[in-house]
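Asks:
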Amino acid sequence: MGRTKTEFTEEKYQMTDDYIIVNVEYRTTTEKMGTLRGRFTQIWKKVEDSYVIIYDIFREI
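Here the sequence shown is numbered in the working numbering, starting from 298 and rising by one per residue.
1. Would the beta-carbon of R324 fall within 8 Å of that of E304?
2. Cutting at 6 Å between CB atoms, please list the residues of its own chain near Q311, excluding the five before and the five after it.
3. Rounding to the nearest angstrom, what Cα-Cα distance links Q339 and N320 in this structure?
4. What first and last residue would you give for the beta strand (DSSP E) that runs through T326?
5. Strictly by DSSP, which residues pair up with R334?
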């Protein structure tokens, strides 16, 4: 990919006592592949005093 630059847009966060849901649209500009666009979703679960990712998916748009 060479050098890359990634910008996040349309960041949306939802939170409960035990979970955080993150939805983000992104655009990555690369030297060799041009511009890639997509969305990702992550779900974080509270475990004791920290959070761990339990779901992480990326998709191109």
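Think of the CB as a built atom: it goes at the ideal place given N, C-alpha and C, for glycine as much as any other residue. Just so it is clear, the structure is predicted and the values come from calculations on it, not from any experiment.
Replies: Taking the structure as given:
1. What you label residue 324 is simply residue 27 of the sequence shown in a count that begins at 1. What you label residue 304 is simply residue 7 of the sequence shown in a count that begins at 1. Against a cut-off of 8 Å, the Cβ pair of E304 and R324 comes out as a contact.
2. Reading the sequence shown from its first residue, position 14 is the one you call residue 311. Around Q311: I318.
3. Counted from its first residue, the sequence shown places residue 339 at position 42. Counted from its first residue, the sequence shown places residue 320 at position 23. Approximately 7 Å, taken between the alpha carbons.
4. Numbered from its first residue, the sequence shown carries residue 326 at position 29. From DSSP, the beta strand (DSSP E) with T326 extends over Y316 to T327.
5. Within the sequence shown, the letter at position 37 stands for residue 334. Its beta-bridge partners are R324.
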